[in-house]
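In full-length UniProt numbering, the protein residues as written are 1 to 199.
Here it is as C-alpha cells:
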C-alpha cells in the first residue's frame, strides 16, 4: 500500500506513540512490584499497566505492518487509560475532590503545611517561613500539574491523529469483493489490475 507524505509522517507518530506508552507502562509495571507496596494496589497496578502495555504492542505492530484494526484496538485502550489520568490531573487542580461524585477517579491530596512542618522540625524556622513554604509548595505543585496537563493535551492530539490515520487506512484497503472482481493481466512483465467485464 502506497502512503502519501502526510500519511507517512502520521505513521511515524503512530509508531512512536505506542512505543513510548509501552516503555512507560512496562516501567510502571516494574515499579509496582517493588517491596513495601500494598499488595492489592500492586496487583491492580500490574493489571492496568499490563493491559496498557499489551495494547501498546498491538498498536506498534499495527502501525509497522499497516493493520488498522490493531491500531484501532490500541487507540481504544489508550483512550480509556488516558481518560483516567486526565481526570486525576484535573481533580488535583480543583479545590474540591471529585472522588466523592465518582469514586473511580483516582485522586490524591498533599498537605503542604504538613510537609513544611516536617522540613521545619529539624531547623526550627518561624511561622512566616512555614506560610511562605506552603505557598511555594502549592505553586510548585500547580506548575507541575499544569505541565502535566499540557503533555496530556499533546497526547490527546497525537491519539486523535493516529486514530484518523487508522481510519484512512481502513477506507483505502480494498474489500474482498474488489479483489474477486479484479482482473489480473500481465503487460510487459508487470501486473495490471482492471475490472472484470461480463460478470
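We treat Cβ as the ideally placed atom computed from N, Cα and C, and that holds for glycine.
This one's a predicted model, so the numbers in the text were calculated from it and none came from an experiment.
- In this structure, the straight-line span from the alpha carbon of residue 18 to that of residue 30 is close to 18 Å.
- Contact between the stretch 52-64 and the stretch 124-139 is absent: fewer than three C-beta pairs spanning the two stretches fall below 8 Å.
- Residue 68 sits in a helix when the DSSP states are folded into three classes.
- Look at residue 110 here: in three-state DSSP terms it is coil, with no helix or strand label.
- Exclusion of the five residues before and after residue 77 leaves 55 as the residues of its chain whose Cβ lies within less than 6 Å of its Cβ.
- In this structure the stretch 61-74 touches the stretch 7-24; the number of beta carbon pairs closer than 8 Å is three or more.
- Non-local C-beta neighbours of residue 59 in its own chain, meaning closer than 6 Å and more than five positions away in sequence, comprise 18, 71, 74, ordered along the chain.
- Contact between residue 113 and residue 134 holds, since their C-beta atoms are separated by about 5 Å, short of 8 Å.
- Residue state for residue 32 is assigned as coil, using DSSP reduced to three classes.
- Note that the C-beta distance between residue 32 and residue 46 is below 8 Å.
- Bounds of the alpha helix (DSSP H) holding residue 128 are 127-172.
- Annotated three-state conformation of residue 56 is helix, per DSSP.
- In this structure, residue 11 places its C-beta atom within 8 Å of the C-beta atom of residue 165.
- For residue 92, the secondary structure class from DSSP, reduced to helix, strand or coil, is helix.
- With a cutoff of 8 Å on beta-carbon distance, residue 89 and residue 152 are scored as near each other.
- DSSP places residue 23 within a helical segment (H, G or I) once states are collapsed to three.
- Between the C-alpha atoms of residue 43 and residue 81 there is a straight-line separation of about 17 Å.
- By the Cβ neighbour-count rule, residue 162 is buried, with 16 or more other Cβ atoms within 10 Å of its own.
- DSSP places residue 76 within a helical segment (H, G or I) once states are collapsed to three.
- Exclusion of the five residues before and after residue 13 leaves 158, 161, 162 as the residues of its chain whose Cβ lies within less than 7 Å of its Cβ.
- 85 is the residue among 25, 41, 7, 85 whose C-alpha sits nearest the C-alpha of residue 150.
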